[in-house]
Amino acid sequence: MIQVTLVPYNKNSSLFSWFSVAALLSGSMDGWNHSVVSEFVFLGLTNSWEIQLLLLVFSSVLFVASMAGNMLIVISVSSDPHLHSPMYFLLAGLSFIDLGACYTISPKMIYDLFRTRKVISFGGCITQIFFIHVIGGVEMVLLIAMAFDRYVAICKPLHYLTIMSPQLCIFFLASAWALGIIHSLFQLAFIIDLPFCGPNVLDSFYCDLPKLLRLACRDTYKLQFMVTVNSGFLCVVSFLILIVSYIYILLTVWNHSSGGSSKALSTLSAHITVVFFFFGPTMFVYTWPHPNAQIDKFLALSDAVLTPFLNPVIYTLRNKEMKTAMKRVFRTLVIFRKIS
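In our numbering, the protein residues as written are 6 to 345.
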């Protein structure tokens, strides 16, 4: 066994740290396809301590608010009989996946704001990539399912309960999770056998598949193209399906003059807002041909911190039933806490 230590190529630069790697070389050199990097170093969001302090407060507040809001939605839909309908079932599924989105990036990012040297283990990096793509795949399918739910409710109201049966709702949820897991495993197949022998610096605050591929010790141009096709194609196709669906629904609502049109438009505007907040950053990151590190960081921060917070706010802001149910749950929790 030979111990190899790599020194930084620019000791005056704050962007790079010492890399310590161990390489196991067999006599025939056949084993050189194994990764020898044990951790990756994040450059983080910024080098300014003032901005980091601001981001710490901003991210921490939004993280707590996102967790509380999404948990309240899941509990409200589960416990309130008035919310046992397909629309709220899918909304609870979206809030549940947003809870996962909160935990995937935000805690590590907030913790790293305290640290000068921001590192993540190789296994932790792969795990983060896995859950990021699972959550992204599940959320895309759920947003399409919610668009279909609104289409049936507005365009075929007399057949709504027949079409949006409990079996179909469960099918949507199961399909979302199956697609998310399959999509993520397919993404990991691109990097599972790649050798990483240094450098190990990521100009980011989380593990991102395109950036990780650029650190591999061999040419990954074709793999980067495949990742772009896989994730980018999935994002663009899902986004176009949603846009076409909402345009058709809006045209249908526009042709109606009934009193329920304003309520339908209010619900649709909430859905469309969530779609743009979710797909905007994701499509830019995976389809833009000339990525900019700072723009990527800003969009990733928005997707990781802001979107999980805005989803419960947008979906409940104009929904009287949801607000009433959440108030009941909140009062129950306060009473239970006082009793205990």
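We treat Cβ as the ideally placed atom computed from N, Cα and C, and that holds for glycine.
As the structure is a prediction and not an experimental result, all values here were calculated from the model.
Beta-carbon contacts of residue i that lie in its chain and below 6 Å, excluding the five residues immediately before and after
| i | result |
| --- | --- |
| M145 | S243 |
| Q299 | none |
| F177 | A150 |
| T278 | I319 |
| G5 | The requested residue 5 does not occur in the structure, where the chain is confined to residues 6 to 345. |
| L184 | G142, V146 |
Whole-angstrom C-beta distance between residue j and residue i, which should lie under 8 Å
| i | j | result |
| --- | --- | --- |
| C130 | F45 | 5 Å |
| V139 | A181 | With a Cβ gap of about 10 Å, V139 and A181 do not count as contacting. |
| Y60 | L118 | Looking at the sequence itself, residue 60 is Leu, so the reference to Tyr does not match. L60 to L118, Cβ: 6 Å. Contact. |
| A179 | P313 | The Cβ separation is near 22 Å, so there is no contact. |
| V334 | I80 | 5 Å |
| L104 | V82 | Not quite, the Cβ-Cβ distance comes to about 13 Å (not below 8 Å), so this is no contact. |
| L247 | A152 | 5 Å |
| Y209 | F63 | Note that residue 209 is Ser in the sequence shown, not Tyr. The Cβ separation is near 18 Å, so there is no contact. |
| Y211 | M76 | The pair is not a contact, with the Cβ atoms about 23 Å apart (cut-off 8 Å). |
| S189 | F101 | Not quite, the Cβ-Cβ distance comes to about 17 Å (not below 8 Å), so this is no contact. |
| V4 | T292 | Nothing can be reported for residue 4: it is not among the residues displayed for the chain, which extend from 6 to 345. |
Neighbourhood of residue i by C-beta, 7 Å cutoff - its chain only, sequence neighbours within 5 removed
| i | result |
| --- | --- |
| T257 | I159, C160 |
| L270 | V258 |
| V234 | none |
| A87 | Looking at the sequence itself, residue 87 is His, so the reference to Ala does not match. Taken in chain order, the residues that qualify are E326, A330. |
| L304 | P286, F289, V290 |
| M169 | P91, D154, V157 |
| V42 | V26, F127, F201, C202, G203, N205 |
| K328 | T321 |
| F282 | T312, L315 |
| D301 | V290 |
Residue burial classification, residue i (beta-carbon count within 10 angstroms, cutoff 16)
| i | result |
| --- | --- |
| L29 | The predicted position of L29 is uncertain, since its pLDDT is 27 and thus under 50; a value taken from the coordinates is nonetheless stated next. Answer is exposed; the Cβ neighbour count stays below 16. |
| S53 | exposed |
| S236 | buried |
| N324 | buried |
| Y116 | exposed |
| A275 | buried |
| T121 | exposed |
| K123 | buried |
| T167 | exposed |
| T337 | exposed |
Any chain C beta carbon closer than 8 Å to residue i
| i | result |
| --- | --- |
| P91 | Of the protein chains in this structure there is only one, and it is not chain C. |
Cβ shell of residue i (< 8 Å), same chain only, five flanking positions each side left out
| i | result |
| --- | --- |
| L218 | F195, I196, L199, T225, L228, Q229, V232 |
| I344 | none |
| L207 | F45, V46, F47, L48, D213, K216, L217, L220 |
| I78 | L96, A97, S100, P317, Y320, T321, M327, M331 |
| N38 | Per-residue confidence for N38 stands at a pLDDT of 39, beneath the threshold of 50, marking its modelled position as unreliable; the derived number appears in the next sentence. Result list for N38: D198, P200, in chain order. |
Contact test: residue i Cβ vs the ligand ATP heavy atom, cutoff 7 Å
| i | result |
| --- | --- |
| I168 | Within the structure as shown, the ligand ATP is missing, as the structure has no ligands at all. |
Q. In chain order, which alpha helix (DSSP H) runs of at least 4 residues are fully inside the stretch 59-127?
A. 91-117
Q.
Check whether the stretch 106-117 and the stretch 302-319 are in contact - that is, three or more C-beta pairs closer than 8 Å.
A. yes
Q. Could you give the uninterrupted runs of the beta strand (DSSP E) lying entirely in the stretch 197-282, keeping only those of 3 residues or more?
A. none
Q: Mind the definition here: the stretch 314-321 touches the stretch 60-72 only if three or more C-beta pairs lie below 8 Å; say whether that holds.
A: yes
Q: Within the stretch 117-183, note down every full beta strand (DSSP E) run reaching 3 residues or more, in order along the chain.
A: 123-126
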